[in-house]
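Q: What follows is a single structure, and I will ask about it in a moment.
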Amino acid sequence: MSFGFMGIQFGFALQNANVSRIFQTLGASMDDIPILWIAAPITGLIVQPIIGHFSDKTWNRFGRRRPYFTVGAILASLALILMPSSPSLWIAAGMLWILDASINISMEPFRAFVGDNLPTEQRTMGFAMQSFFIGIGAVIASVLPWMLANWFNISNTAEPGIVPQTVKVAFYIGAIVLLCCVLYTVFTTKEYSPEELAAFEEDKKQTTGLSYSEKPPVTSGEFIKKGSIWGIIGLVASLAVLVYKFDNQLYIVTGLLLAFGLILLFSGLIKKVSSKQNGMIEIMNDLLHMPKTMGQLAVVQFFSWLAFYTLWIYTTPAITQHIYGTSNTESILYNEGANWVGVLFAVYNGVSAISAFLLPLIAKQIGRKATHSIALAIGGISFISFFFMKNPTMLLIPMIGIGFTWGSILSMPYAILTGSLPANKMGTYMGIFNFFIVIPQILAASILGFVTRIFFNGQVIYAMILAGVSLIIGALSVYFVQDKDDIYKLKKH
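Numbering (this note's numbering), first residue to last: 74 to 566.
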């Protein structure tokens, strides 16, 4: 059931470890990198709730989630083949949009897939198993360019403006692996019908007393009121950026605030003139009526993903600059450092795969909340320790801690969340939950370049310290999360 996620993560890890390198090779400056990465969170913000909503309402002989796995895998594989051959920076940025949209089409239903198919007592292990396959895929993908250069003597350097052959071949292999893994899951699993899922929900209510209470639909007046508030906030913030001449990248954040307000206003106006429901209104209604647990987890997710987005976009420039002493993408030292980052990413993903077996055991003893809080704190300390490392090999130590943290981020929040969600809206709410993953990424993409240039004098290593502090705040915020569905707690009482 989770095997397909290995293929998805294979493509995702190739992207995370190599896209900054591709952008720099094609001429991107250090300040440009965060904004070029904006494709990843923006596409997730748009695609995941839409795919989740439609997959909730899909049921045919191919299943509910599996048709979306297939289409997304085919598109993502094509994008992986084309991206490293991009002739210019902006074509590469455009290909990143296509790649991310395609990966999101497959990725979103996989989360709901586990929630659909497993009962409460198996979900922690189910999401941990997803974490295991994610880790395995990411390990191989992250280290693949290094393996191709050192084991198969494929060229790791190229002429200025040309992506090295190691990266190109790695992406071609990734396309094949992604498609094959997803198709394996499609052809070897089954899905429960809507009637069966409804029966499971009723059984859960009878045995545990836990149920989801449907709230009254949001009225047109409420949509218009909330839309006006968010629209005004976005407009005022945009004017502040203009008047005080803040960094232009902040317009992305203010523009999204304004867009959210307009969507709510539009939803309210549509509902005012017609009683007929549509997908946009239903998604906005579910967003405004999200379960309490989801809102509490949103804070944890914000600080967690802010840190890991920093890791993905800044590890290569931070390590090559702080330890290897170069930012010249054509130099041997830079490319050695970039390849070593691939190895470091393989280590943290490998540890996350191993932690998939350890986390459920810890959660059984101390609960899911305490387990996740400890994991985030370990990650925070590990990020901060980057600053004190002078030898590339020593970086393996903090990567072990980061791997444990990553394993928890990929499993514990979802195990906590699914217990608070209705079965008939599992996909929609998983897509909405992704908002709290991509919003911090959008914020980071908008401000990190500015912060690094103005406050850190271009020393990217300080962004890693900032990421560590963010994880520690996330660890503290876990204690405010309500986890009614925690089997450890239910058994104690």
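Where is the CB? At the ideal position from N, CA and C, for every residue including glycine.
Ends of the alpha helix (DSSP H) at G294?
A: Per DSSP, G294 belongs to the alpha helix (DSSP H) from S293 to V316.
Q: What are the complete alpha helix (DSSP H) segments, minimum 4 residues, inside the region 255-286?
A: The qualifying runs are 267-281.
Q: Quick check: the region 339-357 against the region 291-298, are there 3 or more CB pairs under 8 Å?
A: Contact between the region 339-357 and the region 291-298 is present, because at least three Cβ pairs lie under 8 Å.
Q: Mark N91 as exposed unless 16 or more other C-beta atoms lie within 10 angstroms of its C-beta, in which case mark it buried.
A: Buried: at least 16 other Cβ atoms inside 10 Å.
Q: Can you give the beta carbon distance from L331 to G307, rounded, assuming they're within the 8 Å contact cut?
A: Correct: roughly 3 Å between the Cβ atoms.
Q: Between A450 and W385, what straight-line distance do the alpha-carbon atoms span, to the nearest angstrom?
A: The straight-line gap from Cα to Cα measures roughly 19 Å.
Q: What are the start and end residues of the alpha helix (DSSP H) that includes T393?
A: Per DSSP, T393 belongs to the alpha helix (DSSP H) from K365 to H395.
Q: So, under 8 Å CB-CB, V524 and Q394 are touching, yes? Tell me the CB distance rounded to an integer number of Å.
A: 16 Å between Cβ atoms; not a contact.
Q: What does a CB cutoff of less than 7 Å around G474 pick up in its chain, not counting 5 residues either side in sequence?
A: So the list reads I451, G452, I454 and S455, once near-sequence residues are dropped.
Q: Just verifying my parser: in three-state terms, what is the DSSP assignment at N177?
A: Three-state DSSP puts N177 in a helix.
Q: Does the distance from the CB of D189 to the CB of L270 come in under 9 Å?
A: Contact flag set, yes.
Q: So V326 is in the alpha helix (DSSP H); what residue range does that whole segment cover?
A: Run containing V326: L323 to V346, per the alpha helix (DSSP H) assignment.
Q: Can you grab the Cα-Cα spacing for the pair V316 / N422, in whole Å?
A: For V316 and N422, the distance between alpha carbons rounds to 44 Å.
Q: Looking only at DSSP bridge pairs, what is G136 linked to?
A: N133, per the DSSP bridge assignment.
Q: Just verifying my parser: in three-state terms, what is the DSSP assignment at N507?
A: The answer is coil: DSSP assigns N507 none of H, G, I, E or B.
Q: Quick one: give me the first and last residue of the alpha helix (DSSP H) that P471 is part of.
A: That run of the alpha helix (DSSP H) goes L469 to I482.
Q: Are the beta-carbon atoms of L469 and I396 separated by less than 9 Å?
A: For L469 and I396, no; Cβs fall outside 9 Å.
Q: Below 8 Å on the Cβ atoms is my contact criterion, and I expect L432 with A201 to pass it. Report the Cβ-Cβ distance as a whole number of Å.
A: Confirmed, about 5 Å.
Q: Please check if any C-beta of chain D sits within less than 9 Å of the C-beta of M503.
A: Although the question refers to chain D, the structure presented lacks it and comprises just one protein chain.
Q: Does the distance from the CB of S428 to the CB of G480 come in under 9 Å?
A: Closer than 9 Å, so yes.
Q: Is there contact here, the region 208-217 with the region 109-122, by at least three beta-carbon pairs under 8 Å?
A: With a cut-off of 8 Å, the region 109-122 and the region 208-217 do not count as touching, because too few Cβ pairs lie within range.
Q: On the criterion of 16 or more Cβ atoms from any shown chain inside 10 Å, does P390 qualify as buried, or is it exposed?
A: Buried is the call here.
Q: Start and end of the alpha helix (DSSP H) containing A101?
A: Per DSSP, A101 belongs to no alpha helix (DSSP H) and is neither H nor E.
Q: Give the single residue among N412, C254, G125 and P192 whose Cα lies nearest to the Cα of G84.
A: For G84, the nearest C-alpha among the options comes from C254.
Q: Rounded to whole angstroms, what's the CA-CA distance from T98 to N507? Just pull it up for me.
A: Each residue's alpha carbon lies about 31 Å from the other.
Q: So, with DSSP's three-state summary, where would you put E409?
A: In the structure shown, E409 sits in a helix (DSSP, three-state: H, G or I).
Q: What does the alpha-carbon distance come out to for the pair S574 and G541?
A: Residue 574 cannot be examined here, being either before or after the span of the chain that is shown, 74 to 566.
Q: Could you work out which residue in A146, L169, W219 and I325 is closest to V250 when comparing CA atoms only?
A: Checked all of A146, L169, W219 and I325; the closest Cα to V250 is A146.
Q: Give the secondary structure of I106 by DSSP, where H, G and I count as helix, E and B as strand, and everything else as coil.
A: Of the three classes helix, strand and coil, the one that applies to I106 here is helix, per DSSP.
Q: For the region 317-331 against the region 512-527, are there 3 or more C-beta pairs whose distance is under 8 Å?
A: Yes, they touch.
Q: Please report the distance separating the alpha-carbon of H566 from that of G440.
A: Note on H566: pLDDT 48, under 50, position unreliable in the model; no value is reported.
Q: Can you check whether the CB of T280 is closer than 9 Å to the CB of D556?
A: No, Cβ-Cβ distance for D556 and T280 is not below 9 Å.
Q: Suppose contacts are defined by Cβ-Cβ distances below 9 Å. Is W457 in contact with M537 by that definition?
A: The question names Trp, but residue 457 in the sequence shown is Ile. Yes; because the gap between Cβ atoms is below 9 Å, this pair is in contact.
Q: Does DSSP put H566 in a helix, a strand or coil?
A: Low per-residue confidence applies at H566: pLDDT is 48, beneath 50, and the placement is therefore not dependable enough to give any value.
Q: Check this for me: beta carbons of L221 and A185, under 9 Å apart or not?
A: Cβ distance not < 9 Å, so L221 and A185 don't count as in contact.
Q: If you drop the 5 nearest sequence neighbours on each side, which residues of the same chain put their C-beta closer than 6 Å to that of S400?
A: So the list reads Q394, once near-sequence residues are dropped.
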